[in-house]
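Q: The structure follows.
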Amino acid sequence: MSLGVRMEGLKKVYTSAPPGAIPRGAGYGLGRGPRRRKKQAIRVVALDGISLEVRAGEIFGLLGPNGAGKTTTVGVLTTRIRPTAGDAWIGKHNVWQERVPVKRLIGVVPQRPNLDFSLTAREVLTFHGAYFQVPPAERARRAAELLERFKLIDRADELLLGFSGGMLQRLSIARAMMHDPEVLFLDEPSAGLDPQTRLLLWDMIREYNARGKTILLTTHNMEEADALCHRLAIVDHGKIIALGAPQELKHSIPGGFLIRVQLDGTTPEFLQGLERLEGVTEVRSGTDGTVYVYAGRGGSLMLEVVNFAAQSRVGIRDVHISEPSLENLFLHHTGRSLRE
Amino acid sequence: MNLKTFLAMLRRDAHVARRNFVTLLVQTLLQPMFFVFIFGRVMTASGLMSMQYKMLLLPGIIALSMLMSGIMAVAMPLVAEFQFSREIEDRLLAPMEIEWLAVEKVVAGMIQALAAGLVVLPTAWLVMGRVSLSTDHLALFVALAMLVSCLTAAMGLTLGCSVGQTQIGLMFSLVLAPMIFFGCTYYPWKTLDAFPWLQRAVLVNPVVYASEGLRGAFVPQYPHLSVYVVMSALVLFNGAFLSFGMRQFRRKAIG
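Structure, rendered in structure tokens:
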């Protein structure tokens with residue numbers, strides 16, 4: 002039985018510091034700092050009306066830059082953050098109104114490992130199993146199996162203090178799988194992992210998905226979104242700006258190829274001239290003399306652009322070409338790079 | 297309520313406490329023992345303090361040990377887990393209403409406070425030597441022990457969910473130290489007769505009722521606050537700290 006995830010008009014406005022921000026009392030002193038004297042009205046719109054349906058049994062990705070609202074979305078879907086407005090469902094359970102049954106169905110891998118440092122790796126798994134009422138023999142078996150699969154068996158009975166970041170991340174994922182949840186949430190699962198571990202992680206996610214489980218992951222890594230996800234939503238400033246399969250999305254931008262030219266100065270005539278070049282579908286001029294040329298072909302067009310600039314006596318400082326990618330898509334929709 | 301999940305969490309706390317058994321024991325026992333030895337033994341034997349001070353001191357020291365254990369057992373892990381390690385999230389995601397996790401923390405703190413009282417009582421009695429304690433009020437002692445341990449754990453919940461990581465030092469000097477020194481732990485409430493305003497003011501301090509109550513149970517021959525006053529104050533403070541602590545917990549737990 003695979004379960005889907007549905008969101009309708011999810012909104013979250015923080016009126017105090019959002020989670021992940023520097024916690025209260027992080028500064029020294031009694032809290033009479035200059036900024037505390039008057040209670041400042043904080044208003045951060047993290048989610049601005051997100052409606053979305055993740056189908057049962059798919060790997061769905063939320064792609065966006067830092068601060069786009071990805072972690073807040075996961076927080077709301079996993080009962081940890083109360084939405085300001087809107088509703089969400091895991092299967093047929095309303096997330097906020099039926100938190101306990103929802104928590105039974107989901108597994109969560111947080112952005113930053115939040116493992117229990119007073120326990121050994123094996124105990125982290127067995128106690129997690131116990132919280133979810135997995136019978137004792139079964140939880141010992143599952144823990145051993147997961148430790149083996151995630152290559153943690155050698156250090157299974159050590160406290161977590163000496164574990165590397167990659168090991169902690171693997172253990173976080175193993176823990177989330179311990180109670181065999183129907184829907185697995187992974188918040189930036191491969192952040193800070195070396196390429197080898199990342200591949201291992203992708204295999205694990207695909208394997209889990211192959212058992213009919215629904216997976217929702219967030220990432221700001223386009224490569225990961227492209228390689229792993231069946232469908233994607235690109236989010237920015239708490240809104241969905243594009244939705245679809247990675248291939249579909251990549252081909253949804255005019256042309257697909259993008260030539261970025263930095264010029265000393267440009268004229269409307271020059272821009273119109275660029276548009277007339279063969280294969281060019283759209284020309285946009287950005288800030289500080291950057292011109293974006295979207296086109297259906299790459300290589301040879303770059304030369305023509307350079308020649309045309311020389312003819313028009315426009316100085317070129319830099320030329321860059323990229324193939325159809327999610328990065329280009331993001332840039333197309335927001336005018337900003339994902340990495341910014 | 298999900299009893300199996302609740303018990304699993306309690307088992308986890310017991311497991312961690314067992315692992316840190318020696319540290320916990322030293323933390324609980326050492327300081328009160330120094331105090332008991334110097335004030336209960338050295339000062340009385342040298343004649344600087346009268347022999348009866350021993351008897352007045354012992355119940356206060358038990359209250360103090362329970363207070364410190366209960367608060368530390370609940371507050372310190374909560375401060376760290378909510379802010380630094382965030383390791384409480386795993387338990388917040390367990391299939392149980394999150395309020396029960398706060399209750400579990402209080403129960404675990406209660407058990408530690410009771411254990412601290414039970415360890416300190418015979419040790420202090422031995423270190424001081426020859427203190428005759430009344431055993432006529434065992435039922436009262438049991439009731440008091442339950443109320444006091446619950447109170448300390450509830451105070452730990454409130455502090456743990458209200459204090460920031462870098463304010464822990466301040467918590468000791470601004471909250472715990474005054475509560476201990478104005479909590480009638482080292483002297484009976486009656487001795488404040490000479491300072492009537494102070495005698496009234498300390499009544500807002502819940503620790504007063506813990507020390508005075510235990511004094512009433514162990515050395516009823518000396519003046520102490522009435523049992524009825526003590527009991528009703530403890531019940532009231534328990535209610536207040538539990539509900540306020542729960543509110544703070546909810547605010548911390550849900551974004």
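Chains A and B are the protein sequences, given in the same order.
Note that the working numbering has the first sequence beginning at 2, numbered continuously upward.
Note that the working numbering has the second sequence beginning at 297, numbered continuously upward.
Every residue, glycine too, gets a C-beta built ideally from N, C-alpha and C.
1. Three or more C-beta pairs closer than 8 Å, one from the stretch 476-494 of chain B and one from the stretch 422-440 of chain B: is that the case here?
2. Does the CB of Gly-76(A) have a neighbour CB from chain B at under 8 Å?
3. Might you give, ordered along the chain, the residues of its own chain that have their beta carbon closer than 8 Å to the beta carbon of Gly-10(A), omitting 5 neighbours on each side?
4. Just checking my contact of Val-294(A) with Leu-264(A) at CB under 8 Å: how many whole Å lie between their CB atoms?
5. To the nearest angstrom, how far is it from the Cα of Lys-300(B) to the Cα of Gly-456(B)?
6. Drop a sphere of 10 angstroms on the beta-carbon of Trp-493(B), count the other beta-carbons inside from all chains shown, and report buried for 16 or more, exposed for fewer.
7. Does any CB atom of chain A fall closer than 8 Å to the CB of Lys-300(B)?
8. Straight-line CA distance for Tyr-505(B) to Met-364(B)?
9. Taking 6 Å as the limit between beta carbons, can you name the residues of its chain near Glu-305(A), skipping five residues before and five after?
10. Which one of Thr-220(A), Thr-282(A) and Val-184(A) has the shortest CA to CA distance from Leu-106(A)?
11. What first and last residue would you give for the beta strand (DSSP E) that runs through Lys-240(A)?
12. Of all the residues that make up the stretch 151-178 of chain A, which are near chain B by a beta-carbon distance shorter than 8 Å?
13. For chain B, find out if any of its Cβ atoms is closer than 8 Å to the Cβ of Asn-95(A); answer yes or no.
14. Contact defined as beta carbons within less than 8 Å: I believe Leu-302(A) pairs with Ile-254(A). What is the distance between those atoms, to the nearest angstrom?
15. Among the candidates Phe-271(A), Val-281(A) and Asp-237(A), whose CA atom is the shortest distance from the CA of Asn-67(A)?
16. Determine, using beta-carbon pairs with one atom in the stretch 520-530 of chain B and one in the stretch 374-384 of chain B, whether at least three such pairs fall under 8 Å.
17. Cβ of Ser-313(A) within 8 Å of Cβ of Phe-271(A)?
18. Do you know how far the Cα of Gly-465(B) is from the Cα of Arg-308(B)?
19. Considering only their Cβ atoms, is the gap separating Arg-143(A) from Met-168(A) smaller than 8 Å?
20. For chain A, check one thing: does any of its Cβ atoms lie closer than 8 Å to the Cβ of Ile-367(B)?
21. For Arg-285(A), decide whether its Cβ has a neighbour in chain B, counting only Cβ atoms nearer than 8 Å.
22. What residue range does the beta strand (DSSP E) around Tyr-349(B) cover?
23. Quick check on the burial criterion: 16 or more other C-beta atoms within 10 angstroms. Buried or exposed for Leu-321(B)?
24. Does the pairing of the stretch 181-196 of chain A with the stretch 214-229 of chain A give three or more beta-carbon distances under 8 Å?
25. How should Gly-316(A) be labelled, buried or exposed, when 16 other C-beta atoms within 10 angstroms of its C-beta is the threshold for buried?
26. Rounded to the nearest angstrom, what separates Val-1(A) and Leu-472(B) at their Cα positions?
27. Quick check on the DSSP output: what are the complete beta strand (DSSP E) runs of length 3 or more inside the stretch 91-177 of chain A, in order along the chain?
28. Taking only three categories from DSSP, how would you classify Gln-312(A)?
29. Verify the CB distance criterion: does Ile-216(A) have a CB-CB separation below 8 Å to chain B?
30. If we call anything under 8 Å between Cβ atoms a contact, is Ala-122(A) one with Leu-78(A)?
31. Can you give me, in chain order, the residues of the stretch 449-463 of chain B that have a beta carbon less than 8 Å from any beta carbon in chain A?
32. Would you report the Cα separation of Gly-336(B) and Val-45(A), rounded to the nearest angstrom?
33. By the 10 Å Cβ neighbour count, where 16 or more other Cβ atoms means buried, how is Glu-401(B) classified, buried or exposed?
34. Quick one: using the 10 Å Cβ neighbour count with 16 as the cut-off for buried, is Ala-310(B) buried or exposed?
35. From the beta carbon of Pro-474(B), is the nearest beta carbon of chain A less than 8 Å away?
36. Measuring alpha carbon to alpha carbon, tell me which of Thr-324(B), Gly-366(B), Val-526(B) and Glu-393(B) ends up nearest Val-403(B).
A: On the basis of the supplied data:
1. Counting Cβ pairs under 8 Å, fewer than three are found: no touch.
2. Gly-76(A) counts as touching chain B.
3. Excluding sequence neighbours, Gly-10(A) sits near Gly-50, Ile-51, Ser-52, Ala-86, Gly-87 and Asp-88.
4. Between Val-294(A) and Leu-264(A) the beta-carbon gap is near 11 Å, outside 8 Å, which marks them as no contact.
5. When rounded, the distance between both Cα atoms is 25 Å.
6. Around the Cβ of Trp-493(B), a 10 Å sphere holds fewer than 16 other Cβ atoms; the residue is exposed.
7. True, the Cβ-Cβ gap to chain A drops below 8 Å.
8. Between Tyr-505(B) and Met-364(B), the C-alpha separation is close to 15 Å.
9. Same-chain partners within the cutoff: Leu-278.
10. Residue Val-184(A) is the option with its Cα nearest to Leu-106(A).
11. DSSP places Lys-240(A) in the uninterrupted beta strand (DSSP E) bounded by 240-245.
12. Within the stretch 151-178 of chain A, contact with chain B at the beta-carbon level (separation under 8 Å) is assigned to Arg-176.
13. False, the Cβ-Cβ gap to chain B never drops below 8 Å.
14. Actually they do not touch by this definition, with Cβ atoms about 16 Å apart.
15. It is Asp-237(A) whose Cα lies nearest to the Cα of Asn-67(A).
16. No, the stretch 520-530 of chain B is not in contact with the stretch 374-384 of chain B.
17. The answer is yes: Cβ separation under 8 Å.
18. Across the structure, Arg-308(B) and Gly-465(B) are spaced so that their CA atoms are roughly 27 Å apart.
19. No, Cβ-Cβ distance for Met-168(A) and Arg-143(A) is not below 8 Å.
20. No - not a single Cβ of chain A is within 8 Å of the one on Ile-367(B).
21. With 8 Å as the cut-off, Arg-285(A) does not count as an interface residue toward chain B.
22. Counting along the chain, Tyr-349(B) falls outside any beta strand (DSSP E), though it belongs to the alpha helix (DSSP H) covering 348-375.
23. Under this definition Leu-321(B) is an exposed residue.
24. When Cβ pairs closer than 8 Å are counted between the two stretches, the stretch 181-196 of chain A is seen to touch the stretch 214-229 of chain A, the count reaching three or more.
25. Under this definition Gly-316(A) is an exposed residue.
26. Residue coverage of chain A in this structure runs from 2 to 341, which leaves residue 1(A) outside it and unanswerable.
27. The qualifying runs are 107-110.
28. Residue state, collapsed to three classes: helix.
29. No, its Cβ sits nowhere closer than 8 Å to a Cβ of chain B.
30. Contact flag unset, no.
31. Residues Val-459, Gly-460, Gln-461, Thr-462 and Gln-463.
32. Straight-line Cα distance between these residues: approximately 59 Å.
33. What sits at residue 401(B) in the sequence shown is Lys, not Glu. By the neighbour-count rule (16 or more Cβ atoms within 10 Å), Lys-401(B) is buried.
34. By the C-beta density criterion, Ala-310(B) is exposed, having fewer than 16 other C-beta atoms within 10 angstroms.
35. Cβ-Cβ to chain A under 8 Å: no for Pro-474(B).
36. If we check each option's Cα against that of Val-403(B), Gly-366(B) comes out closest.
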